[in-house]
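Notes for the one structure printed next.
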Amino acid sequence: MDSHPLLKRFSAGFQRFQKSWYCPENNLYAELREGQKPHALIIACSDSRVDPVQVLDCTPGDLFVIRNVANLVPPYEPDAHYHGVSSALEYAVRHLRVPNIVVMGHAHCGGINSLMHASEHDHDEFLNVWMGQAQRARTEVEHALPDGTTEERLRACEMWGIRISLDNLRTFPWIREAMQERNLALHGLYFDMGIGELLYLDQETDTFVPMVRACAS
Ligand SMILES: [Zn+2]
């Protein structure tokens with residue numbers, strides 16, 4: 071078993087993790103094993119290239135993370151179905167009382183691409199249903215950019231996906247309550263993987279503005 075190349079790689083990786091976070095005296099886990107108090111709940115895409123802990127260079131205990139296809143938050147629907155995202159939201163907001171919720175979208179998102187080209191994904195069992203909740207993003211883009219290039223339309227749709235997730239967060243009564251009673255803040259981020267830039271959704275102007283510019287070439 072331990073000769074499997076993937077497990078070998080994981081063993082080496084875990085040893086490096088151990089060295090950083092467990093071996094030093096008074097290491098971070100001495101405190102963290104007593105409980106977590108993350109600075110933020112972040113909803114990010116499952117895409118292997120956009121891990122928020124790596125992209126934002128956070129340490130263990132910093133972020134409570136939900137990842138799914140296209141970083142979507144479904145609306146508040148209290149029924150008997152299995153709500154993975156809503157359960158994690160509930161735990162982070164009502165139990166851990168996180169002070170911030172961040173939705174982080176990204177460029178070249180496969181989920182958003184499948185939403186914009188839905189007919190090519192008709193054979194999917196789950197993906198098109200999941201992405202269907204963001205249909206408004208596609209409609210907004212088709213309305214705003216009827217003549218846009220594919221690239222422009224995808225980027226706009228990725229950004230609309232973030233807005234829709236933020237709107238859906240506000241449909242949860244205990245999120246609205248926490249916003250009023252303890253200043254829970256909602257934020258939108260967009261990781262432009264193409265050029266290595268981070269954008270922030272300015273909620274006053276409803277526009278994405280560069281927060282960290284691409285590296286100078
Ligand atoms: Zn994605």
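If you use this note's numbering, the sequence shown corresponds to residues 71 to 287, in order. All C-beta atoms in this analysis are idealised placements derived from N, C-alpha and C, irrespective of residue type, glycine included. Quantities reported herein were computed from a predicted structural model and do not represent experimental measurements.
Asked: Closer than 7 angstroms: GLY83 CB and nearest ligand 1 heavy atom; Found: no
Asked: Top-ranked residue by Cα proximity to PHE278, from ASN253, GLU228 and THR241; Found: GLU228
Asked: C-alpha gap between GLU212 and LEU126, whole angstroms; Found: 32 angstroms
Asked: Extent of the continuous beta strand (DSSP E) to which ALA114 belongs; Found: 110–115
Asked: Residue environment, HIS193, which counts as buried when at least 16 other CB atoms sit within 10 Å; Found: exposed
Asked: Residues sharing a beta bridge with PRO280, DSSP; Found: LEU269
Asked: Element boundaries [beta strand (DSSP E), containing ASN138]; Found: 133–138
Asked: Coil, strand or helix - LEU224 by DSSP; Found: helix
Asked: Contact belief for VAL143 with ILE113 at Cβ below 8 angstroms, rounded distance in angstroms; Found: 6 angstroms
Asked: The stretch 199–217 in contact with the stretch 249–256 per 3-pair CB rule at 8 angstroms; Found: no
Asked: TYR161 classed as buried or exposed, judged by whether at least 16 other C-beta atoms fall within 10 angstroms; Found: exposed
Asked: Beta-bridge partners of TYR260, as assigned by DSSP; Found: GLY175 and LEU269
Asked: Beta-carbon proximity check, ILE265 vs ALA286, cutoff 8 angstroms; Found: no
Asked: ALA150 versus SER156 - alpha carbon distance; Found: 12 angstroms
Asked: heavy atom of ligand 1 below 7 angstroms from ALA110 C-beta; Found: no
Asked: Check: GLY181 C-beta below 7 angstroms from any heavy atom of ligand 1; Found: yes
Asked: Distance, HIS74 Cα to THR241 Cα; Found: 46 angstroms
Asked: Inter-stretch contact at 8 angstroms, needing at least 3 Cβ pairs: the stretch 193–206 / the stretch 167–176; Found: no
Asked: According to DSSP, residues forming a beta bridge with ALA255; Found: ASN170
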